[in-house]
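All remarks here apply to the structure that follows.
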Amino acid sequence: MVDVLLGLQWGDEGKGKIVDVLAPQYQVVARFQGGPNAGHTLEFNGFKHVLHQIPSGIFRDDILNIIGNGVVLDPIVFKKEIDGLAKYNLALTKNLQISKKASIIIPTHRLLDAAYEQAKGEAKIGSTLRGIGPTYQDKVARVGLRVGDILSPNFQEKYGKLVAVHKVILEQNNFDYSSVLPQAEADFFAAVDFMKQFQLTDSEYAVNQALTDNRKVLAEGAQGSLLDIDFGSYPFVTSSNTMTAGACTGLGVAPRQIGEVFGIFKAYCTRVGSGPFPTELSDETGERIRQEGREFGATTGRPRRCGWLDLPALKYAIMINGVTQLVMMKVDVLNIFDEIQICTHYQLPDGSTTEQMPYDLCDTAVTPIYKSFKGWRADLANIHSFDEMPAELATYVSFLEETLGLPISFISTSPDREAIIHRQAVEI
Ligand code: GDP
Ligand code: IMO
Ligand code: MG
Numbered sequence: 364m365v366d367v368l369l370g371l372q373w374g375d376e377g378k379g380k381i382v383d384v385l386a387p388q389y390q391v392v393a394r395f396q397g398g399p400n401a402g403h404t405l406e407f408n409g410f411k412h413v414l415h416q417i418p419s420g421i422f423r424d425d426i427l428n429i430i431g432n433g434v435v436l437d438p439i440v441f442k443k444e445i446d447g448l449a450k451y452n453l454a455l456t457k458n459l460q461i462s463k464k465a466s467i468i469i470p471t472h473r474l475l476d477a478a479y480e481q482a483k484g485e486a487k488i489g490s491t492l493r494g495i496g497p498t499y500q501d502k503v504a505r506v507g508l509r510v511g512d513i514l515s516p517n518f519q520e521k522y523g524k525l526v527a528v529h530k531v532i533l534e535q536n537n538f539d540y541s542s543v544l545p546q547a548e549a550d551f552f553a554a555v556d557f558m559k560q561f562q563l564t565d566s567e568y569a570v571n572q573a574l575t576d577n578r579k580v581l582a583e584g585a586q587g588s589l590l591d592i593d594f595g596s597y598p599f600v601t602s603s604n605t606m607t608a609g610a611c612t613g614l615g616v617a618p619r620q621i622g623e624v625f626g627i628f629k630a631y632c633t634r635v636g637s638g639p640f641p642t643e644l645s646d647e648t649g650e651r652i653r654q655e656g657r658e659f660g661a662t663t664g665r666p667r668r669c670g671w672l673d674l675p676a677l678k679y680a681i682m683i684n685g686v687t688q689l690v691m692m693k694v695d696v697l698n699i700f701d702e703i704q705i706c707t708h709y710q711l712p713d714g715s716t717t718e719q720m721p722y723d724l725c726d727t728a729v730t731p732i733y734k735s736f737k738g739w740r741a742d743l744a745n746i747h748s749f750d751e752m753p754a755e756l757a758t759y760v761s762f763l764e765e766t767l768g769l770p771i772s773f774i775s776t777s778p779d780r781e782a783i784i785h786r787q788a789v790e791i
């Protein structure tokens, strides 16, 4: 079976940590969408490492890590990531496969991302400027480059054709590329050459062979469900399907092969970049969450917007993903509060209330309706089982499980691999 692990909010839920925690139970870990816009943080043995494109199973022994066809891959970032992993002595050429069908981010995609954002002015999406949108645009327009193309004698020519089109668009947008492009292109071609030492494969065969052999596959989502291109707060979204269905198209597996779906969420909400955020706290409480949770982007360093947990949004994400188990992250961040709020409904401008996500969330100011909980005000560092939880936390967890209709399998209490409260004993 392919189990899927994905974020249920606006990204940065802590997916990297949980993939790393669960990885020993799997033989394959695969990324299926997104690209270097992702920043997945892992902490263990005193090390902290942020991965952008490489799957979070890379630090565990004997796991095949796959960058699937649904990913947009930046060779320059890839080379940097590999160089950054050198100190860990990992068998990277053996344990990493890259789909030949993954799309390639070229330097002008990054410049186009900046040009498009600049042109949007106030309405900008707050993109990570990693070239994600323009690369998916070219994929869908059927003019993009793919990883397999780097092995073709015509690669330079194909590249040249695409860059010529990009330059016209950049010029139309009065975007000066001449000062940065030559160096970026030199880095790009060096990185493309570097990539050739890795296994570039039709990775859908590897994934399906693993399933035939009864080896377990974990699909690692990037971004979050509320940034999904179809179901997120469009247009303030990323350019891929971040939901469970994306794992099928992004790896080449049939829907009936999907097993467990782990939905990862923080005990509060954050969002980086623009777009609607009903429970956002622009006050001192929001600032306390940001400081306590160290809510600054793992990819861009930007401060994350913070707010209380939003159940209409969470229920929506659970629904579109078919989540079977929940994982709640960063509960320790709420240790400092006497009172904790959860948004259970939205009030619409006409006074009615709803538990659903309104279509026009971008234009309609909804008012969150909150239920209040007493804080536990306790250190959770040495707690590893549900039975040991403070009573107030147990009440908070029971309320969520009842309202969401799903078990919370794990609760995370610090960035470290070992800091997990679990329902059943699992090997970590
Ligand atoms: P991802 O993109 O979903 O993998 O998440 P990020 O790595 O971008 O952001 C999650 C941040 O929270 C990282 O800095 C993690 O080290 C940290 N983190 C993960 N779990 C916990 C937790 O339970 N408590 C605290 N305080 N931090 C955590
Ligand atoms: P991980 O995998 C949080 C956000 C950006 C922006 C919008 C579009 O670490 O959870 P893009 O660069 O994709 O065009 O940006 O999506 N965004 C993320 N926010 N975590 C991420 O990834 C994100 N990847 C993109 O901030 O609002
Ligand atoms: Mg992140």
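If you read the sequence shown in my numbering, its first letter stands for residue 364, the second for the next number, and so on. All C-beta atoms in this analysis are idealised placements derived from N, C-alpha and C, irrespective of residue type, glycine included.
| query | result |
| --- | --- |
| With Ala393 as the anchor, note down where its beta strand (DSSP E) starts and where it stops. | Val391 to Arg394 |
| State the beta-bridge partners of Thr730 as determined by DSSP. | Gln710 |
| Comparing alpha-carbon positions, which option in Gly494, Leu525 and Thr766 lies nearest Ile681? | Thr766 |
| Confirm the yes/no value for this check: CB of Ala585, any heavy atom of ligand 5, distance under 7 Å. | This structure does not include ligand 5; its bound ligands are ligand 1, ligand 2 and ligand 3. |
| When DSSP labels each residue in this structure, what does Glu790 get in the three-state scheme? | Caution applies to Glu790, whose pLDDT of 46 falls short of 50 and renders its modelled position unreliable; the value that the coordinates give is listed next. Of the three classes helix, strand and coil, the one that applies to Glu790 here is coil, per DSSP. |
| Flag this pair as yes or no: are the beta carbons of Leu492 and Ser466 separated by less than 8 Å? | no |
| List in chain order: all unbroken beta strand (DSSP E) runs of 3+ residues lying wholly within the segment 744 to 776. | 771 to 775 |
| Does DSSP put Arg509 in a helix, in a strand, or in coil? | strand |
| By a C-beta neighbour count over all protein chains shown, 10 Å radius and 16 as the cutoff for buried, is Phe410 buried or exposed? | exposed |
| Near ligand 3, which residues have their beta-carbon less than 5 Å from any of its heavy atoms, given in chain order? | Asp375, Gly402 and Ala661 |
| Going by DSSP in three states, Val600 sits in which element: helix, strand or coil? | coil |
| According to DSSP, Gly377 sits in a beta bridge with which residue or residues? | In DSSP, Gly377 forms no bridge with anything. |
| Can you say whether Pro770 is buried or exposed, counting buried as having 16 or more other CB atoms within 10 angstroms of its CB? | exposed |
| Taking C-alpha atoms, which residue in Gln586, Gly622 and Pro666 lies nearest to Gln396? | Gln586 |
| For Arg578, does the three-state DSSP call read helix, strand or coil? | coil |
| Are the beta-carbon atoms belonging to Leu414 and Leu427 less than 8 Å from one another? | no |
| Inspect the beta-carbon positions of Pro675 and Gln710 and report whether they are closer than 8 Å. | no |
| Rounded to whole angstroms, what's the CA-CA distance from Ile783 to Gly489? Just pull it up for me. | 32 Å |
| Using a Cβ-Cβ cut-off of 6 Å (strictly less than) and excluding sequence neighbours within five positions of Val789, which residues of its own chain qualify? | For Val789, the predicted model reports a pLDDT of 47, less than 50, meaning its position is unreliable; a value from the coordinates is still stated below. So the list is empty, once near-sequence residues are dropped. |
| Kindly indicate which residue of Arg473, His412 and Asp425 has the alpha-carbon position closest to the one of Ala449. | His412 |
| For Asn408 and Pro778, I'd like the C-alpha separation in whole angstroms. | 11 Å |
| Leaving aside the five residues before and after Gly649 along the sequence, list all residues of the same chain whose C-beta is less than 8 Å from its C-beta, in chain order. | Glu643, Arg668, Cys669 and Gly670 |
| Among Gly595, Thr456, Phe628 and Leu574, which one has its Cα closest to the Cα of Gly615? | Leu574 |
| Per DSSP, Ile467 is paired with what? | Leu436 |
| Pick helix, strand or coil for Arg423, following the three-state DSSP scheme. | coil |
| Going straight from the alpha carbon of Val526 to that of Ile468, what length do you get? | 11 Å |
| Taking the C-alpha atoms as reference points, what is the distance between Phe625 and Ser645? | 30 Å |
| Please go through the same chain and pick out, in chain order, the residues whose beta-carbon is closer than 6 Å to the beta-carbon of Gly660, but skip the five residues on each side of it. | Val635 |
| Does the Cβ-Cβ distance between Ala610 and Val434 come in under 8 Å? | no |
| Apart from the five residues on each side of it in sequence, which residues of its chain come closer than 8 Å, Cβ to Cβ, to Gln416? | Arg394, Gly398, Pro399, Ala401, Ile430, Val434, Leu436, Asp437, Val440, Phe441 and Glu444 |
| Check whether the segment 470 to 479 touches the segment 575 to 594, taking contact to mean three or more Cβ pairs, one atom from each stretch, closer than 8 Å. | no |
| Just the Cα atoms here: how many angstroms apart are Trp373 and Gly447? | 27 Å |
| Under the rule that 16 or more other beta-carbon atoms within 10 Å means buried, what is Thr716, buried or exposed? | exposed |
| Taking buried to mean at least 16 other C-beta atoms within 10 Å of its own C-beta, is Cys725 buried or exposed? | exposed |
| Along the alpha helix (DSSP H) that carries His529, what are the first and last residues, could you check? | Phe518 to Gln535 |
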